[in-house]
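Student: Residue numbers for the sequence shown, in the UniProt record's numbering: 1 to 214.
Virtual Cβ for every residue (Gly too), placed ideally from N, Cα, C.
Here it is, the structure, as structure tokens.
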Amino acid sequence: LYLGIVYIANVMSSHSEQKRIVPYGQHVSVDGKNMNVLIQGEGEETIVLLPGYGTATPGLDFKLLIDELSPFYKVVAVEPFGYGLSDETVKERTTENMVSEVHEALQRLNINRYMLMGHSITGIYGIDYVNKYPNEVTAFVGIDSSVATQPGMDINFPSKTFAYLKKSGLLRLTMKISADPYAGLAFDEKTVEQMKMISNKNMYNDTTLNEMDH
1 LYLGIVYIAN VMSSHSEQKR IVPYGQHVSV DGKNMNVLIQ GEGEETIVLL PGYGTATPGL
61 DFKLLIDELS PFYKVVAVEP FGYGLSDETV KERTTENMVS EVHEALQRLN INRYMLMGHS
121 ITGIYGIDYV NKYPNEVTAF VGIDSSVATQ PGMDINFPSK TFAYLKKSGL LRLTMKISAD
181 PYAGLAFDEK TVEQMKMISN KNMYNDTTLN EMDH
């Protein structure tokens, strides 16, 4: 009975929150789907920001950094499929596919010369990206970036368990009773509310779980 109540509450909350999510950025057609990209600033040099694994809403999570960089650079925050306001995809989340999709989005925006700045797992993707498009990337800047040889990279995570937690509503419940990850940070209340709703929508969705399995 308890699990049934949690499940129903999750379904109702998800339906309600979907209507309250405020769009930001712009959609770019990539492989027949919409990839969301937030662009801010008009500097001569361009920085392309890529998120760490599971960052539910990169365009908003990066807001404080974007605000610091945008007076000097054109900042392009890309939300890969399954992240932020981008569509999900059934295409395998291999490094090759993810790198190719981000590149296609930038090409469609006529962004051909840029610094690549990435958090966490983007350290892995970034190496492949730089090797594949050396004439476009002027530099790679890592933000606590992952490397292939770091401990834990070969761990098999229980993706089926995570999928169950999301579908059952237990994940939402856990997030609600856990410490606020945005407490003490300089986000306004409306932005925090949006990030939490999008987190509930995206965390451990099928697309990011497929990425986890790779």
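If we count the other Cβ atoms within 10 Å of its Cβ and call it buried at 16 or more, is P158 buried or exposed?
Tutor: Here residue 158 is taken as the residue at index 158 of the sequence shown, counted from 1. It is exposed - the Cβ of P158 has fewer than 16 other Cβ atoms within 10 Å.
Student: In terms of residues, what are the limits of the alpha helix (DSSP H) holding I198?
Tutor: Residue 198 sits at position 198 when you count from the first residue of the sequence shown. Counting along the chain, the alpha helix (DSSP H) containing I198 begins and ends at 189-202.
Student: Does S29 come out as helix, strand or coil in the three-state DSSP assignment?
Tutor: For this step, residue 29 is matched to residue 29 along the sequence shown. If DSSP states are grouped into helix, strand and coil, S29 belongs with the strands.
Student: Using the C-alpha atoms, what's the distance from F81 back to V11?
Tutor: As a position in the sequence shown, residue 11 is number 11, starting the count at 1. As a position in the sequence shown, residue 81 is number 81, starting the count at 1. Each residue's Cα considered, the two are about 22 Å apart.
Student: Give a yes or no on whether the C-beta atoms belonging to G43 and Y73 are separated by under 8 Å.
Tutor: For the purposes of this step, residue 43 is taken as residue 43 along the sequence shown, with counting starting at 1. For the purposes of this step, residue 73 is taken as residue 73 along the sequence shown, with counting starting at 1. Result yes, Cβ atoms of G43 and Y73 sit closer than 8 Å.
Student: Do you know how far the Cα of D31 is from the Cα of L171?
Tutor: Indexing the sequence shown from 1 puts residue 171 at position 171. Indexing the sequence shown from 1 puts residue 31 at position 31. Rounded to whole angstroms, L171 to D31 spans 31 Å at the Cα level.
Student: Mapping DSSP to helix, strand and coil, what is A105?
Tutor: Mapped onto the sequence shown, residue 105 falls at position 105. Three-state DSSP puts A105 in a helix.
Student: Within the stretch 59-84, note down every full beta strand (DSSP E) run reaching 3 residues or more, in order along the chain.
Tutor: Listed in chain order, the complete beta strand (DSSP E) runs (minimum 3 residues) inside the stretch 59-84 are 74-79.
Student: With M117 and L49 assumed to form a contact (beta carbons below 8 Å), what rounded beta-carbon distance in angstroms separates them?
Tutor: Within the sequence shown, numbered from 1, the residue matching residue 117 stands at position 117. Within the sequence shown, numbered from 1, the residue matching residue 49 stands at position 49. 5 Å between Cβ atoms; contact.
Student: I need the DSSP call for L185, collapsed to helix, strand or coil.
Tutor: Indexing the sequence shown from 1 puts residue 185 at position 185. Of the three classes helix, strand and coil, the one that applies to L185 here is coil, per DSSP.
Student: Is the distance from the Cβ of I39 to the Cβ of Q194 below 8 Å?
Tutor: Residue mapping note: residue 39 aligns to position 39 of the sequence shown, counting from 1. Residue mapping note: residue 194 aligns to position 194 of the sequence shown, counting from 1. Cβ distance not < 8 Å, so I39 and Q194 don't count as in contact.
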